[in-house]
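Heads up, the sequence shown is in the working numbering, so the first residue is 8 and it goes up one at a time.
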Amino acid sequence: MFPERYDVKITVVKKLFNKDLVDKYTDNPAEWKLCQKFEIGQEFIVSKDEPWNMPKGFCGWAWADMQKIVWGMARGGPKLFITCCTDGYRPVIFKLERIE
């Protein structure tokens with residue numbers, strides 16, 4: 008049993024668009040743009056009691072990329088972590104913070 012439990016805050020800190028890769032490797036590059044799922048500054052809270060549950064309105068692909076990190080932080084892991092989704096064309100950068 009884990010004695011420590013913490014809520015974890017996820018903040019969207021940056022959205023990138025790798026136009027060179029989109030132009031080179033996609034069929035319709037003009038149709039591609041920044042990720043539309045998130046806005047910079049948007050925040051989500053993950054409950055310390057259920058850190059395996061994706062926050063409402065979150066992207067399933069991004070959650071799959073970071074869920075294990077969030078779970079570890081909720082159980083006493085690092086206080087701060089910067090991570091991103093694995094969309095190589097338009098990655099989103101997130102700041103994860105353990106709430107004390």
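Glycine included, every Cβ here is placed at the ideal spot set by N, Cα and C.
No experiment lies behind these values; they were computed from the predicted model shown.
As assigned by DSSP and simplified to three states, the class of Glu104: Numbered from 1 along the sequence shown, position 97 holds the residue referred to as residue 104. In the three-state scheme derived from DSSP, where H, G and I count as helix and E and B as strand, Glu104 is classed as strand.
Burial state of Leu41 (16 or more Cβ within 10 Å): Taking the first residue of the sequence shown as 1, we reach residue 41 at position 34. Taking all protein chains in view, the Cβ of Leu41 is surrounded by fewer than 16 other Cβ atoms within 10 Å, so the residue is classified as exposed.
Between the CA atoms of Thr18 and Gln49 - distance to the nearest angstrom: Here the question's residue 49 lines up with position 42 in the sequence shown. Here the question's residue 18 lines up with position 11 in the sequence shown. So the alpha carbons of these two residues sit roughly 6 angstroms apart.
With 16 other Cβ atoms within 10 Å as the buried cut-off, status of Tyr32: Residue numbering aside, residue 32 sits at position 25 when the sequence shown is read from its first letter. Exposed, by the Cβ-count rule.
Bounding residues of the beta strand (DSSP E) (the contiguous stretch that carries Leu87): On the sequence shown, position 80 is the one that residue 87 refers to. Segment Leu87 to Cys91, the beta strand (DSSP E) holding Leu87.
Beta-carbon proximity check, Phe101 vs Met73, cutoff 8 angstroms: Mapped onto the sequence shown, residue 101 falls at position 94. Mapped onto the sequence shown, residue 73 falls at position 66. In this structure, Phe101 places its C-beta atom within 8 angstroms of the C-beta atom of Met73.
Length of the line joining the Cα atoms of Met80 and Arg97: To locate residue 80, count along the sequence shown from 1; it is residue 73. To locate residue 97, count along the sequence shown from 1; it is residue 90. If you take the alpha carbons of Met80 and Arg97, they lie about 26 angstroms apart.
Rounded straight-line distance, which links the Cα of Glu38 to that of Trp78: Indexing the sequence shown from 1 puts residue 78 at position 71. Indexing the sequence shown from 1 puts residue 38 at position 31. CA-to-CA, the gap between Trp78 and Glu38 works out to about 35 angstroms.
Identity of the residues DSSP links to Lys22 by a beta bridge: For the purposes of this step, residue 22 is taken as residue 15 along the sequence shown, with counting starting at 1. Val99.
Of the residues Asn35, Pro36, Trp70 and Asp34, the one placed nearest Phe51, counting alpha carbons only: Taking the sequence shown and counting its residues from 1, one reaches residue 51 at position 44. Cα-wise, what sits closest to Phe51 is Trp70.
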